[in-house]
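Residue numbers (full-length UniProt numbering): 1 to 213.
Just so it is clear, CB atoms sit at the ideal spot from N, CA and C, and this is done for glycine as well.
Given the structure is predicted, the values throughout are model-derived calculations rather than measurements.
Structure first, commentary second.
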Amino acid sequence: MNIILLGPPGAGKGTQARHLVETRNMIQLSTGDMLREAKDSGTEMGKIVADVMARGDLVTDEIVIGLIREKLAGDKVGGFIFDGFPRTLAQADALADLLAASGETLDAVIEMQVDDAALVSRITGRYTCGNCGEVYHDDTKRPAVAGTCDKCGSTDMKRRADDNEDSLRQRLMEYYKKTSPLIGYYYAKGQLSSVDGLADIADVQAVIASILD
Ligand code: AP5
Ligand code: ZN
Numbered sequence: 001m002n003i004i005l006l007g008p009p010g011a012g013k014g015t016q017a018r019h020l021v022e023t024r025n026m027i028q029l030s031t032g033d034m035l036r037e038a039k040d041s042g043t044e045m046g047k048i049v050a051d052v053m054a055r056g057d058l059v060t061d062e063i064v065i066g067l068i069r070e071k072l073a074g075d076k077v078g079g080f081i082f083d084g085f086p087r088t089l090a091q092a093d094a095l096a097d098l099l100a101a102s103g104e105t106l107d108a109v110i111e112m113q114v115d116d117a118a119l120v121s122r123i124t125g126r127y128t129c130g131n132c133g134e135v136y137h138d139d140t141k142r143p144a145v146a147g148t149c150d151k152c153g154s155t156d157m158k159r160r161a162d163d164n165e166d167s168l169r170q171r172l173m174e175y176y177k178k179t180s181p182l183i184g185y186y187y188a189k190g191q192l193s194s195v196d197g198l199a200d201i202a203d204v205q206a207v208i209a210s211i212l213d
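Below, the structure written as structure tokens:
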């Protein structure tokens with residue numbers, strides 16, 4: 001089963017994707033994570049995308065489609081969760097072509113709806129385990145021991161360079177201009193399911209599970 005998690009920055013795509021990886025053996029394909037890895041390891045592509053990401057602009061279609069193409073050729077196990085991809089109509093068309101070429105289907109597109117005010121507090125309160133990637137929040141998801149990851153015990157907690165109000169404003173602008181048309185695109189294809197992303201994390205997990213089962 002291959003699915004897309006669609007939603008604005010902070011909607012909870014990464015949080016839900018990680019749960020699906022743990023419970024359903026699916027593979028999370030987050031273009032944001034791939035781009036941050038390229039940036040941190042200092043590759044040529046990483047140098048090109050670093051400023052674009054810090055500003056909150058979208059990276060070119062060519063770069064992200066190339067990243068996804070590489071991953072689709074690899075291990076599939078329980079299927080792919082596309083997290084943060086596609087983000088433009090051109091990316092959506094490219095994904096359809098790539099899946100068709102490898103004999104795969106797109107089984108669900110889950111739109112996570114969260115209002116803008118909640119997104120600001122989610123993004124500005126977010127931090128992540130630098131070792132295993134578990135996502136936390138200052139108010140809504142704190143580890144049992146402050147500063148120590150519940151999943152792996154690491155104390156290396158990180159905040160993202162683009163998790164500030166200025167970059168978030170630009171990320172939201174990009175979302176509404178370039179990504180939100182995908183809601184109509186997938187609705188018209190009969191593939192869209194919308195979930196209330198303002199509900200508690202466990203409740204959102206349950207609704208997504210009921211869509212997938
Ligand atoms: P990316 O890494 O994809 O970031 P994003 O889309 O802005 O999404 P986020 O990771 O910020 O949020 P999320 O929805 O995963 O929320 P999370 O689960 O962490 O992209 C970053 C940049 O890379 C882009 O700006 C662009 O430059 C580039 N890029 C990436 N893909 C691209 C593409 N395809 N094309 C072009 N450029 C691309 O949750 C947020 C917080 O809320 C956490 O603290 C969490 O604990 C908390 N939370 C989650 N769910 C709930 C809940 N139900 N209730 C309460 N709190 C919750
Ligand atoms: Zn961890």
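- Annotation for Thr128: the continuous beta strand (DSSP E) segment containing it runs Arg126 to Cys129.
- For Thr148, the three-state secondary structure derived from DSSP is strand.
- Pairing Leu192 with Tyr186, the inter-Cα distance amounts to about 5 Å.
- Spatial neighbours of Ser41 in its own chain (CB-CB distance under 6 Å, excluding positions within 5 residues in sequence) are not present.
- In this structure, the C-beta of Ser30 stays at least 7 Å away from each heavy atom of the ligand ZN.
- CA-to-CA, the gap between Ser167 and Arg160 works out to about 11 Å.
- Two segments are said to touch when three or more pairs of C-beta atoms, one from each, lie closer than 8 Å; by this definition the stretch 146-155 does not touch the stretch 44-54.
- Asp107 and Ile3 do touch by the CB rule: their CB atoms are close to 6 Å apart, below 8 Å.
- In its chain, beyond the 5 residues on either side, Ala11, Gly197 and Leu198 have a beta carbon closer than 6 Å to the beta carbon of Val114.
- In the three-state scheme derived from DSSP, where H, G and I count as helix and E and B as strand, Leu29 is classed as strand.
- Partner residues in the beta bridge of Val195, as assigned by DSSP, are Met112.
- In chain order, Gln16, Ile110 and Val195 place their CB closer than 7 Å to the CB of Ile208, counting only its own chain and leaving out the 5 sequence neighbours on each side.
- Contact annotation: Gly56 and Asp162 have beta-carbon atoms nearer than 8 Å.
- Between the alpha carbons of Ala73 and Val64 lies a distance of about 15 Å.
- DSSP links Leu95 through a beta bridge to no other residue.
- By the C-beta criterion, the stretch 23-40 is judged to be in contact with the stretch 76-93, since at least 3 inter-stretch pairs fall below 8 Å.
- Under the three-state reduction of DSSP, Lys141 is assigned to strand.
- In the same chain as Tyr175, and ignoring 5 residues on each side of it, the C-beta atoms closer than 6 Å to its own belong to Pro8, in chain order.
- The DSSP-derived three-state label of Leu6 is strand.
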